[in-house]
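Taken in sequence, the protein lines are chains A and B.
All residue numbers for the first sequence refer to numbering that gives the first Met the number 0, where the first residue is 0 and numbers rise by one.
All residue numbers for the second sequence refer to numbering that gives the first Met the number 0, where the first residue is 0 and numbers rise by one.
Even glycine gets a Cβ: it sits at the ideal position worked out from N, Cα and C.
Some notes on the structure that comes next.
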Amino acid sequence: MAITMTLNGKAVSVDVPQNMPLLWVLRDELEMCGTKFGCGIGQCGACTVHQDGQPIRSCLTPVASVAGKKITTIEGLSPEGAHALQKAWMELDVPQCGYCQAGQLMSAAALLAKNSNPTDADIENAMDGNLCRCGTYIRIKKAVHLAVRMLNGSSPSEANNNE
Amino acid sequence: MSNYTYGESRPALERVSETTRLAQEAYANYDQSVQMLDRRGFVGTVLSASALVLGVAVNPSEATAAPTTWQPSVYLGFEADGTVVIMAHRSEMGTSSRTTLPMMLADELEADWKKVRVEQALGDEKYGSQNTDGSCSVRDFGMAMHKAGATARTMFERAAAQKWGVQPGDVAADQGKVVNGKTKKSLTYAELLPIAAKMEVPKEHELRMKTPDQYKLIGKKVPMLDEHNIVMGKATFGMDAKVPGMLVAMVERPPVYGSKVKSFDNTAALAVKGVQKTVELPMFKQPHLFQQLGGVAVLGDSTWAVMQGRKKLKIDWEKSPNDSYNSADEKKFLLDSVLKPGKVVRNRGDVDAAFATSAKTHEANYYAPLLSHAPMEPPVAVAEFKNGKVETWCPTQNPQAVQEAVAAAMGIPKTDVICHVTLLGGGFGRKSKPDYVVEAALLSKATGKPVKVIWTREDDIKFDYYHTVSGMHMKAGMDANGKLNSWLFRSAFPPIASTFAPGMQYGAEFEVGMGLNELPYDIPNIRGENCPAPNHLRLGWMRAVAHVYHAFGIHSFLDELAVLNNTNYADYMLKSLGPNRNIDLSKDGVKPWNNGQPISKFPISTGRLRRVLEQVVEQSGYGKQKSGNGRGFGIAAHRSFLSYIASVVEVEVDKNGKVTIPNVWTVADCGTVVNPDRVVSQFEGAAVFGTSVAMLGEISAANGRIQQSNFNDYQVARLTESPRNIQVSIVPSKEPAAGVGEPGVPVIVPAITNAIFAATGKRVRDLPVRRTKLV
Ligand code: FES
Ligand code: FES
């Protein structure tokens with residue numbers, strides 16, 4: 000039976016086993032490969048997407064459970080890369096290999112959506128489930144703070160220099 | 000039901016007699032002279048067919064890139080409209096090789112960086128080594144980039160001078176055009192292309208390289224080319240490669256190294272919707288090299304179906320000689336092994352005589368466990384076997400090793416293996432070993448379809464080429480003032496050499512040459528010994544390799560000696576280093592491995608080591624900061640990959656024994672630095688990687704089976720476990736470019752354990768730290 004959801008603002012329908020994780024539906028069925036596979040057991044956060052604005056681990060989410068829900072992936076975060084986090088990530092050159100970064104950005108975006116001025120502790124709480132084997136954590140923290148300053152009106156480089 | 004066994008009739012490997020050649024390739028010095036096409040351009044060939052791999056859906060039949068009209072070097076081509084095409088022949092795994100080398104070429108060429116197109120090169124020996132391993136991309140290929148850029152720029156300048164009828168000295172290239180110094184007229188490279196392409200290629204001595212003050216990119220912060228795609232979720236990693244009509248495969252590999260399939264029942268697996276077939280993969284033949292482990296593959300339409308199907312396989316495995324392998328026994332064995340004399344790998348003076356007359360002696364044993372690389376992207380490869388050739392798309396650090404390994408497995412010439420390199424979701428050495436590509440190729444041949452082999456995280460953790468386990472014994476003698484007069488350093492570790500030469504129990508030259516035979520201290524009696532240790536797993540190099548455990552032993556021991564003599568590591572090490580000089584290991588019977596580089600070009604300089612140590616002391620306040628009561632500072636300074644690194648780590652240990660790391664200071668002298676921010680980022684990352692090694696990482700075996708399976712039980716540092724601040728300083732230097740990706744790791748591990756000692760009085764001699772109760 001087909002399962003319908005809203006994916007990055009568009010209605011999509013897939014006909015797959017009910018228990019297939021959303022991660023593999025995105026990657027194998029819908030050709031949306033921005034969401035990454037890192038562990039498959041909810042340990043690394045590489046597969047993080049938003050379900051109705053909440054960050055979820057798509058590797059552990061049976062597709063049937065998102066029927067009728069709004070799903071946002073990295074491809075839908077901002078089609079032009081205009082999200083403050085994406086700009087901050089580039090301003091501070093956060094990525095190394097980049098494989099974990101879609102998950103990092105989605106966790107950070109969910110955090111900023113509900114907390115417009117997170118402390119270091121808030122960031123640590125929200126992001127501790129996102130592993131980065133390359134070790135970009137200190138830049139991730141800085142970039143979240145930078146994005147907040149940008150959302151408050153600074154340009155990326157101003158916000159960076161005023162740090 | 001279709002079951003195939005493939006590879007049984009494979010011809011014997013040609014490389015058997017070359018034993019460690021492949022291992023050494025990671026570190027060997029290659030002839031990196033630029034391979035200029037002998038004269039005149041217009042070769043009319045395509046630069047590469049790999050451009051499309053960086054688009055999501057890859058169709059091999061459409062894999063043709065725009066032809067270039069002029070190709071003055073294997074690394075450089077021009078299209079008719081003047082577009083500069085630079086080949087990135089090294090792999091991108093986060094170190095920025097794919098950006099930094101092309102940017103050097105572009106700078107020397109005076110090209111407009113924003114308009115340059117960088118293409119990822121196919122695997123091809125014409126590029127020189129593509130093995131992105133051993134921290135040597137800039138070291139080995141920087142000059143080649145300069146020469147290629149200068150050659151083409153010179154030809155454009157000569158073409159413009161010819162056209163204007165002026166002397167070449169009257170014109171100068173500037174960002175994609177040549178400007179006439181007198182008339183200020185200019186001609187673009189596109190306009191000059193037809194003339195330049197017909198000119199004689201200048202001789203090397205005719206090239207005029209830019210001077211550093213003329214650089215527009217080198218020495219500046221240049222972001223990675225793929226950064227935008229990464230933050231957009233559009234970057235294509237190996238995991239994202241797709242070929243129409245491909246099957247997805249997962250392999251159930253033998254649970255014990257060296258075991259093979261006795262029989263299997265695939266009925267339930269084949270009953271899973273979406274599963275199409277199973278294929279038995281034969282066990283590798285010795286030497287292991289980069290062959291598959293063997294097992295049973297399940298192939299089907301989707302990752303999920305195959306995952307489910309694989310769980311339903313019932314396999315009976317043959318016995319393996321490694322069935323009784325236990326890490327607990329191995330630890331005892333290694334720590335016993337180092338109490339007996341081993342093979343002498345360095346000897347100066349007479350340590351035994353010195354010990355007998357020393358005012359005091361001190362000894363200690365250290366242990367570091369097996370580790371797994373665990374790059375965020377597990378191994379994965381797409382391969383298609385068609386018309387006797389293999390085409391593959393894979394995240395590899397070494398596409399030429401892919402060609403060799405796949406060719407050997409399939410019994411075809413290596414030139415019939417076309418290897419497209421995707422972005423790598425981390426490598427750390429794991430992805431220079433292309434066993435996973437061999438699996439995909441064998442399975443494609445067996446099924447007649449393109450196949451994508453996906454490793455789950457469990458596969459990755461259980462079937463790695465592991466970073467080896469080691470035991471070390473240190474003994475030092477001192478005079479009455481605490482001055483060192485003798486040091487015995489014994490190390491036992493199942494060697495990586497065993498992957499290339501079965502049964503090897505002693506380290507290859509590069510393993511011994513990473514720390515064991517090159518103590519730089521001013522001590523009259525030094526002996527290094529390598530004690531034997533058999534392997535029970537396949538082993539391979541991981542970021543910083545043998546330096547990781549050797550530096551842990553050396554710098555923990557130095558800290559112990561400092562404490563014994565009521566001083567601190569920094570003062571004690573500075574005293575022990577002696578006067579600034581270059582160390583001559585040949586006097587001690589050592590032919591220095593030195594990362595395959597001549598010691599004349601990259602001497603072992605105590606002065607440079609002293610400098611980074613002094614600087615990190617100054618920046619961190621080490622020695623002035625108060626330690627104790629759960630707060631402590633630790634330090635280590637170590638030369639590796641020809642770079643000189645010192646780090647100070649601050650730790651806090653709470654009353655439950657939980658360790659946090661508020662600060663790390665790293666000072667790095669890596670010689671000439673090309674892309675400073677990317678260098679800084681590598682040292683930031685190394686501090687986190689080193690934290691994982693020191694605090695958390697441990698792979699262990701019980702009855703031959705690896706006991707860890709995923710990030711829940713093979714932990715790597717999370718955000719809150721990682722250093723909260725990392726301050727990296729790069730020492731300005733005109734020395735030749737040395738290593739960056741790896742040398743940040745070794746210092747971190749002992750700096751952490753030394754800091755823990757300062758904070759708690761507990762000396763951690765067994766890694767990882769989490770095994771020790773600190774309070
Ligand atoms: S892949 Fe989902 S948490 Fe790791
Ligand atoms: S950037 Fe490589 S895993 Fe995070």
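Quick one: using the 10 Å Cβ neighbour count with 16 as the cut-off for buried, is B/Thr302 buried or exposed? Label assigned to B/Thr302: buried.
Hey, B/Ser490 and B/Met471 are a contact pair by Cβ (cut 8 Å); roughly how many whole angstroms apart? Contact holds; Cβ gap of about 5 Å.
For a minimum of 3 consecutive residues, which ranges assigned as the beta strand (DSSP E) are wholly contained in the segment 494-541 of chain B? 524-530
Option in B/Lys574, B/Trp540, B/Leu584 with minimal Cα separation from B/Gln396: B/Trp540
Under a CB-based cut-off of 8 Å, is A/Met89 close to chain B? yes
Excluding the five sequence neighbours on either side, which residues of its own chain have a C-beta within less than 6 Å of the C-beta of B/Leu536, listed in chain order? Tyr256, Tyr465
Any beta carbon of chain A sitting closer than 8 Å to that of B/Ser49? Unreliable positioning characterises B/Ser49 in this predicted model, as indicated by a pLDDT of 30, which lies under 50. A coordinate reading is not provided.
Could you tell me if B/Asn130 is buried or exposed, where buried requires 16 or more neighbouring beta carbons within 10 angstroms of its beta carbon? buried
If I'm right that A/Met89 touches A/Ser106 with Cβ under 8 Å, what's the distance once you round it to whole angstroms? In fact, because the Cβ distance is near 18 Å, the residues do not count as touching under 8 Å.
Could you pull the DSSP bridge partners for B/Trp316 from this structure? B/Val260
With a 10 Å radius around its C-beta and 16 neighbouring C-beta atoms as the bar for buried, classify A/Asn67 as buried or exposed. Note that residue 67 of chain A is Gly in the sequence shown here, rather than Asn. Answer is exposed; the Cβ neighbour count stays below 16.
Reference B/Asn662, options B/Val727, B/Arg769, B/Leu641, B/Ala693, closest by Cα: B/Val727
B/Ala418 - DSSP class collapsed to helix/strand/coil: The sequence given here has Cys at residue 418 of chain B, not Ala. Strand at B/Cys418.
Measuring alpha carbon to alpha carbon, tell me which residue in B/Trp392, B/Ala404, B/Val343, B/Pro591 is nearest B/Phe488. Between B/Phe488 and the set B/Trp392, B/Ala404, B/Val343, B/Pro591, the nearest pair of CA atoms involves B/Val343.
What is the rounded straight-line gap between the Cα of B/Asn702 and the Cα of B/Leu216? 55 Å
So is B/Asn674 buried or exposed if we call it buried at 16+ other beta carbons inside 10 Å? buried
For B/Gln706 and A/Lys86, the rounded distance between their alpha carbons: One alpha carbon belongs to A/Lys86, the other to B/Gln706, and they sit about 42 Å apart.
Could you give the distance in angstroms between the alpha-carbon of B/Gly588 and the alpha-carbon of B/Asn346? 6 Å
Give the interface partners of B/Ile217 over in chain A, defined as CB-CB distance under 9 Å, in chain order. Chain order gives no chain A residues near B/Ile217, where near means a beta carbon separation below 9 Å; the closest approach is about 17 Å.
Less than 8 Å between the CB atoms is what I'm expecting for B/Val73 and B/Arg116, so what's the real figure, rounded? Wrong, their Cβ atoms sit about 16 Å apart, outside the cutoff.
In this structure, does DSSP put B/Ile644 in helix, strand or coil? strand
Got a sec: is the Cβ-Cβ distance from A/Arg148 to anything in chain B below 8 Å? no
Stretch pair the segment 610-622 of chain B + the segment 630-649 of chain B: three plus CB contacts closer than 8 Å: yes
Please classify B/Phe140: does DSSP put it in a helix, a strand, or coil? If DSSP states are grouped into helix, strand and coil, B/Phe140 belongs with the helices.
Looking at the C-beta of A/Arg132, does it have a partner C-beta in chain B at a distance below 8 Å? yes
Could you check whether A/Ala109 and A/Gly52 sit closer than 8 Å to each other, using their CB atoms as the reference points? In this structure, A/Ala109 lies closer than 8 Å to A/Gly52 by Cβ.
Does the Cβ of B/Pro578 have 16 or more other Cβ atoms within 10 Å, making it buried, or fewer, making it exposed? B/Pro578 comes out exposed.
How would you list, in chain order, the residues of chain E whose beta-carbon sits under 7 Å from the beta-carbon of A/Ala101? Absent from the structure: chain E. Protein chains present are A and B.
Identity of the residue in B/Ser585, B/Ser555, B/Asp583, B/Val468 nearest B/Met572 by Cα: B/Ser555
Closer than 6 Å: residues whose CB approaches a heavy atom of ligand 1: A/Phe36, A/Gly37, A/Cys38, A/Gly39, A/Gly41, A/Gln42, A/Cys43, A/Gly44, A/Ala45, A/Cys46, A/Arg56, A/Cys58
Any heavy atom of ligand 2 inside 7 Å of the beta-carbon of A/Asn95? Looking at the sequence provided, one finds Gln at residue 95 of chain A rather than Asn. Yes, the beta carbon of A/Gln95 sits closer than 7 Å to at least one heavy atom of ligand 2.
Exposed or buried, which one is A/Leu6 when buried takes at least 16 other CB atoms within 10 Å? buried
Please list, in chain order, all residues of the same chain as B/Ala353 whose beta carbon is under 8 Å from its beta carbon, the five residues on each side excluded. Gly476, Asn484, Ser485, Pro523, Asn524
Any C-beta of chain A sitting closer than 8 Å to the C-beta of B/Gly54? In this prediction, B/Gly54 has a pLDDT of 24, which is less than 50 and means its spatial position is unreliable; what the coordinates show is noted afterwards. No, B/Gly54 lies away from the interface with chain A (no Cβ there is under 8 Å from its Cβ).
Check whether the Cβ of A/Tyr98 sits closer than 7 Å to any heavy atom of ligand 2, and report yes or no. yes
Strictly under 8 Å for the Cβ-Cβ distance: is A/Leu104 near chain B by that measure? yes
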